[in-house]
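Trainee: Encoded as structure tokens, here's the structure I'll be asking about.
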């Protein structure tokens with residue numbers, strides 16, 4: 001469950017109570033969230049009564065991944081390193097990529113396309129298509145189709161939990 005402030009910003013991520021036994025009584029103060037691309041965010045784990053929350057760093061993780069209502073996350077926890085590997089899925093059930101990562105891919109695809117076009121023009125110099133310039137592929141403009149593929153069933157090797165992003169007006173802390 002995602003707890004939001006009065007202005008709508010995400011404050012905390014509740015770790016399900018059934019998942020707490022995975023810590024085996026040793027809950028670290030600090031942990032790391034790691035996404036599919038290997039990027040990481042340092043977060044603080046905070047106990048409030050019998051509940052455990054991810055905070056201080058969680059807001060940045062949510063913003064960087066453009067998380068919204070209906071998105072859901074799968075957390076896998078690694079005891080030895082206090083790392084949560086996080087898989088992010090949109091409300092359509094497909095893996096969600098970070099928004100700015102898609103923009104970087106777009107730039108790379110367009111640069112590669114321009115290099116290919118220049119090579120084509122160089123090799124066809126003097127031919128009937130000397131001044132012809134190809135239009136960029138639609139796939140390159142849209143960042144490719146990899147985001148539309150359906151994920152394979154996830155079989156965890158480590159303890160994990162799934163957390164849907166929902167709105168909540170409850171205030172904790």
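In the UniProt record's numbering, the protein residues as written are 1 to 173. We put the CB at the ideal spot given by N, CA and C, even for glycine. Here the structure is a predicted model, which is why all the values come from computation and not from measurement.
Measuring alpha carbon to alpha carbon, tell me which of 165, 26, 17, 16 ends up nearest residue 80.
Mentor: The shortest C-alpha separation from residue 80 is found at 26.
Trainee: In whole angstroms, what is the alpha-carbon distance linking residue 97 and residue 24?
Mentor: Each residue's alpha carbon lies about 32 Å from the other.
Trainee: Ignore the nearest five residues each way along the sequence and tell me which others in residue 67's own chain have a CB closer than 6 Å to its CB.
Mentor: So the list reads 165, once near-sequence residues are dropped.
Trainee: Could you pull the start and end residues of the beta strand (DSSP E) that residue 61 belongs to?
Mentor: Run containing residue 61: none in the beta strand (DSSP E); it sits in the alpha helix (DSSP H), 58-64.
Trainee: Inspect the beta-carbon positions of residue 89 and residue 72 and report whether they are closer than 8 Å.
Mentor: Yes. Within cutoff.
Trainee: Taking just the CA atoms, how far does residue 13 sit from residue 41?
Mentor: Roughly 14 Å separates the two Cα atoms.
Trainee: Who pairs with residue 160 in a beta bridge, going by DSSP?
Mentor: Looking at the DSSP assignment, residue 160 forms a beta bridge with 76.
Trainee: Look up residue 24 in the DSSP assignment and say whether it is helix, strand or coil.
Mentor: Residue 24: coil per DSSP, three-state reduction.
Trainee: Run the CB neighbour count on residue 48, radius 10 Å, all protein chains shown included, and call it buried at 16 or more, exposed below.
Mentor: Classification of residue 48: exposed, given that the 10 Å Cβ count is below 16.
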